[in-house]
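Reading through the structure tokens given below for one structure.
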Amino acid sequence: MKIEQLSIFIENKAGRLANITANLGEININIKAISLADTSEFGILRLVVSDPQRAKKILRDRGFTVSLTQVLAVKIPDKPGELGRLLQTLEKQSINIEYVYGVTESNKNHAVLIFGFDDLDKAVRVLSEENITLIPMEELMSE
């Protein structure tokens with residue numbers, strides 16, 4: 003259930019994000035989830051895309067610093083308290099969340115979150131034991 007995420011180091015200046023997304027659009031790669039964390043000089047852009055291996059190669063060939071990391075896509079009911087319950091489950095098992103961001107959904111009764119964990123295998127085990135839905139890449143792309 004692990005999925006691959008692109009992590010791209012970008013300068014914090016006008017046009018860099020547009021450049022990356024345009025490059026991916028040119029090669030028909032769909033962006034399913036996006037997160038950008040920045041400082042005054044640079045940022046880390048995290049993307050879940052339809053073809054991460056191809057996207058990595060193309061972006062590297064075009065001069066970007068790119069890496070692939072594994073993350074989990076977690077589906078929870080879209081109602082008050084569900085995120086808190088999920089996070090409490092992780093906290094009880096001492097699972098550290100490095101970052102989290104959401105996937106855009108419309109007309110759905112659930113939310114999809116992308117999690118980076120310091121111990122991905124432990125997170126998979128705990129979430130599976132708690133019957134929390136982990137979404138494989140194919141299903142995430144079809145959401």
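Residue 145, in the working numbering, is where the sequence shown stops; the numbers in between run on with no holes.
We put the beta carbon where it would ideally sit given N, CA and C, even for glycine.
Bear in mind that the values here come from a model prediction, so they are computed numbers and not experimental data.
Thr41: not part of any alpha helix (DSSP H); DSSP gives it neither H nor E. 7 Å or more divides the Cβ of Thr41 from the Cβ of Lys77.
The C-beta of Gly45 has 16 or more other C-beta atoms within 10 Å across all chains shown, which makes the residue buried. At a cut-off of 3 residues, the continuous stretches assigned as beta strand (DSSP E) that sit fully inside the region 33-88 are 33-40, 44-51, 67-79. Nearest in C-alpha terms to Ala39, of all of Arg87, Ser52, Ile60, Tyr103, is Tyr103.
Under the 8 Å Cβ criterion, the region 58-69 does not count as touching the region 82-99, having fewer than three qualifying pairs. In the three-state scheme derived from DSSP, where H, G and I count as helix and E and B as strand, Glu13 is classed as strand. The continuous beta strand (DSSP E) containing Glu100 extends over residues 99-104. Annotation for Ser37: Arg48, Tyr103 place their beta carbon closer than 6 Å to its own, counting only its chain and skipping 5 residues before and after. In the DSSP assignment, Ile116 falls within the unbroken beta strand (DSSP E) covering 112-119. Note on Lys34: 16 or more other CB atoms within 10 angstroms of its CB, so buried under the neighbour-count rule. Closest in C-alpha terms to Pro138, from the list Asn111, Asp63, Val51, Ile31, comes Val51. Here Asn98 is near Asp120, since their CB atoms are less than 7 Å apart.
Taken through DSSP and simplified to helix, strand or coil, Gln7 comes out as strand.
A straight line joining the alpha-carbon of Ser144 with that of Ser96 spans about 32 Å.
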